[in-house]
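The numbering of the sequence shown is my numbering, which starts it at 1 and goes up by one. Beta carbons: idealized from backbone N, C-alpha and C, even for Gly. Computed from a prediction, not measured in an experiment: that's the story for all the values here. Data first, discussion second: the structure below is written as structure tokens.
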Amino acid sequence: MEWLWPLFEPYVRKRFERRGIDDPDMSDLDTAFLRLLGSATVTILVQEPWRGSVRFKGLDRLPAAECMDLFRDPEAYLFERFGGGKYKLNFHEGWNFVATQNFKPEGEPKWTDLPDLGT
């Protein structure tokens with residue numbers, strides 16, 4: 001799960017800055033990060049060829065609090081459920097974009113016949 005903090009850190013720090021706290025201590029940062037992670041959503045998208053270009057197909061949207069397996073080993077989680085592909089995880093707090101991270105597990109795709117969730 002160490003890969004999550006670098007993604008969330010700029011967003012968490014900006015929230016403190018908006019409150020006039022320019023140098024929060026690590027304890028406050030950790031608390032704010034865990035609180036944010038508990039309320040965030042994760043959107044799983046996969047890159048697919050489309051009309052000579054690419055687009056992102058929405059596969060799932062989950063509360064981050066339910067994604068511990070995904071956070072522990074993202075490539076294994078994605079491969080087990082969706083097979084190989086170029087994936088994008090988008091994190092949001094409500095309507096606010098927090099961060100994105102890409103993963104590329106190798107192997108045969110299982111997602112090609114899944115519907116686009118329009119995420």
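query: Taking E66 as the reference, which of R51, G38, F82 has the closest Cα?; result: G38
query: Just reading off the alpha helix (DSSP H) that L37 is part of, what are its end residues?; result: 26–39
query: Thinking C-alpha only, which one of W5, P24, E9, E48 is nearest L114?; result: E48
query: Would G85 be called buried (16 or more neighbouring beta carbons within 10 Å of its own) or exposed?; result: buried
query: At what residues does the beta strand (DSSP E) containing L59 begin and finish?; result: 53–63
query: Taking the CB atoms as reference points, tell me whether E75 and P105 lie closer together than 7 Å.; result: yes
query: Going by DSSP in three states, K104 sits in which element: helix, strand or coil?; result: coil
query: Kindly list the residues whose CB is nearer than 8 Å to the CB of R55, restricted to its own chain and excluding five residues on each side of it in sequence; keep chain order.; result: Q47, E48
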